[in-house]
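**Q** Note that the sequence shown ends on residue 386 in the numbering used here; no numbers are left out.
Glycine included, every Cβ here is placed at the ideal spot set by N, Cα and C.
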Amino acid sequence: MKGQGMTAQASSSYRSRIAGTGSYLPEKLLTNADLEKLVDTSDAWIVERTGIRQRHIAAPDQAMTDLALIAAQRALEAAGTTAQEIDFSLCCTASADQPMPSAACVLQHKLGARPVGALDIAAACSGFVYGLTIADQFVRSGMYKNVLVVGAEVLHRYVNYKERDTCILFGDGAGAVVVQRAKDDQESKVYSAHLAADGSLGDLFILAAGGSKMPFSQEVLETNSQYLKMKGREIFKNAVRTMSNLCQEALDANEMKMDQVDWLIPHQANLRIIDAVGSYFGIPPEKVVVNVQDTGNTSAATIPIALDEAVRDGRIKRGQNVLLTAFGAGLTSGSLLMRY
Ligand code: UT7
47 MKGQGMTAQA SSSYRSRIAG TGSYLPEKLL TNADLEKLVD TSDAWIVERT GIRQRHIAAP
107 DQAMTDLALI AAQRALEAAG TTAQEIDFSL CCTASADQPM PSAACVLQHK LGARPVGALD
167 IAAACSGFVY GLTIADQFVR SGMYKNVLVV GAEVLHRYVN YKERDTCILF GDGAGAVVVQ
227 RAKDDQESKV YSAHLAADGS LGDLFILAAG GSKMPFSQEV LETNSQYLKM KGREIFKNAV
287 RTMSNLCQEA LDANEMKMDQ VDWLIPHQAN LRIIDAVGSY FGIPPEKVVV NVQDTGNTSA
347 ATIPIALDEA VRDGRIKRGQ NVLLTAFGAG LTSGSLLMRY
């Protein structure tokens, strides 16, 4: 489906640069062996169908913004900047601490940031690509110089540990980046971003209760509507098709070939989805950043966590071309091509 994503491309003299990355994964692990005790599944099935071996689970007293806080502090430190210098912050999440106030406001307070604008992005697993696109636009327009973008989730609290098709997938975690205006001698830039959403397929992946349409009630609990529900196989097919299309759009928009991309960082939902997107482009597996085996699907946090890991261990270097792509509930999707 060409032309599916609305494009944001370079148009001003300002460029944005990811000045620092950070991430945080809670200590507690939920392994496949643990899940074997909860539902009718096996380590072999989970590894073969998803590649996942373990997920990190937040402690009972950890809220989503507690994870986000640590990731944000690490990103600020890596950027050599402080919370006081942040001009705007975006919190990308599907598991905010509560409906109101927003996670971005809670995080701003915990960080000790100035009372600058703070906004949640509700684009589920695509949230970070949406957030980074918005941050880039703010920097590019000249409006802000330092934008914090966090993708963080405590999704395990929305998982029914009696349903084997969902409970094997999700974990908790947070990743963050500080997006800054690049200096003249810094070559980083976002080439383009391509965002899409198809609300007609919203029922494929849904958390029905807790909003104004279905507030919490005894009926919610009796029907397990407080938990994530997903049509896995359809989501799988849509994910492969949409992420592949949006990556192709990114390449076409910049007249690039996949061999000019140094790293592909796809949303970490399932190793078979990642492999299918990679093989669509014939990109060698060693150029694809993968950590789903150790984290499970952390929704909006997968890409910033994977990015942070690859930056910190030296795989991703300045000047390299990095292609991000994500897909999630909504259905939302996006790709973003940047020179790191
Ligand atoms: O962030 C985006 C959100 N989500 C995703 O990206 C998830 C996308 N989907 C997936 O990752 C996969 O569809 C799943 C991992 C959820 C399921 O894998 P699948 O290969 O699509 O399996 P399936 O749903 O077609 O089910 C095949 C069989 C079924 O049994 P029958 O009907 O063939 O007897 C399921 O009941 O596997 C069964 N099954 C399981 N068996 C053991 C489903 N879950 C499990 C399980 N352990 N955990």
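On the criterion of 16 or more Cβ atoms from any shown chain inside 10 Å, does methionine 384 qualify as buried, or is it exposed?
**A** By the 10 Å Cβ count, methionine 384 comes out buried.
**Q** Is it buried or exposed, leucine 84, if we count other Cβ atoms within 10 angstroms and call 16 or more buried?
**A** Exposed, by the Cβ-count rule.
**Q** How close, in whole Å, do the beta carbons of valine 195 and phenylalanine 174 come, if the pair is a contact with beta carbons under 8 Å?
**A** Indeed they touch by this definition, with Cβ atoms about 7 Å apart.
**Q** Would you mind reading off the limits of the alpha helix (DSSP H) that contains valine 175?
**A** Start and end: 173 to 187.
**Q** Whole angstroms is fine: what's the gap from isoleucine 64's alpha carbon to valine 224's?
**A** The alpha-carbon atoms of isoleucine 64 and valine 224 are separated by roughly 6 Å.
**Q** Measuring only the C-alpha atoms, how far is alanine 118 from phenylalanine 373?
**A** So the alpha carbons of these two residues sit roughly 23 Å apart.
**Q** State yes or no: is the C-beta of leucine 369 within less than 7 Å of the C-beta of valine 323?
**A** Contact flag unset, no.
**Q** Should isoleucine 64 be listed as close to the ligand UT7, given that the test is whether its C-beta is under 6 Å from any heavy atom?
**A** Not so, every heavy atom of the ligand UT7 lies at least 6 Å from the Cβ.
**Q** Can you list, in chain order, the residues of its chain whose CB lies under 7 Å from that of serine 290, leaving out five sequence neighbours each side?
**A** Correct list, in chain order: Val323, Tyr326.
**Q** Any idea which residues DSSP pairs asparagine 343 with across the strands?
**A** For asparagine 343, which the question treats as bridged, DSSP gives the partners Phe216.
**Q** Which partner residues of methionine 384 appear in the DSSP bridge assignment?
**A** Beta-bridge pairing links methionine 384 to Val236, Val368.
**Q** Does the distance from the C-beta atom of glycine 68 to that of arginine 120 stay below 7 Å?
**A** Yes, they are a contact pair.
**Q** Looking at the structure shown, is histidine 102 part of a helix, part of a strand, or coil, going by DSSP?
**A** Note: histidine 102 maps to strand in three-state DSSP.
**Q** Could you check the C-alpha separation between glutamine 130 and glutamine 108 for me, to the nearest Å?
**A** Looking at the two C-alpha atoms, the distance is approximately 24 Å.
**Q** How about asparagine 337: is its Cβ closer than 6 Å to a heavy atom in the ligand UT7?
**A** No, Cβ of asparagine 337 sits at least 6 Å from all heavy atoms of the ligand UT7.
**Q** State the Cα-Cα distance for the pair leucine 253 and threonine 378, rounded to the nearest angstrom.
**A** Taking the straight line from one Cα to the other gives about 15 Å.
**Q** Do threonine 212 and methionine 276 have their C-beta atoms closer together than 7 Å?
**A** A contact, by the Cβ cut-off of 7 Å.
**Q** Any idea what DSSP makes of proline 350, helix, strand or coil?
**A** Helix.
**Q** Would you identify the three-state DSSP class for glutamine 108, choosing helix, strand or coil?
**A** Coil, per DSSP.
**Q** DSSP on isoleucine 281, reduced to helix/strand/coil?
**A** If DSSP states are grouped into helix, strand and coil, isoleucine 281 belongs with the helices.
**Q** Which residue marks the beginning of the alpha helix (DSSP H) containing arginine 318, and which one marks its end?
**A** From DSSP, the alpha helix (DSSP H) with arginine 318 extends over 317 to 327.
**Q** Residue ranges of each beta strand (DSSP E) run of no fewer than 3 residues wholly in the segment 113 to 175, ordered along the chain?
**A** List check, beta strand (DSSP E) in window: 134 to 138, 163 to 167.
**Q** Using a C-beta cutoff of 7 Å, does serine 238 count as contacting chain C?
**A** No chain C is present in this structure, which holds just one protein chain.
**Q** Output needed for alanine 243: all residues of its chain with C-beta closer than 6 Å, excluding positions within five of it in sequence on either side, in chain order.
**A** Closer than 6 Å at Cβ, skipping near neighbours: Gly376, Thr378.
**Q** Which of the three DSSP states is assigned to tyrosine 204 in this structure?
**A** In this structure, tyrosine 204 counts as helix in the three-state DSSP scheme.
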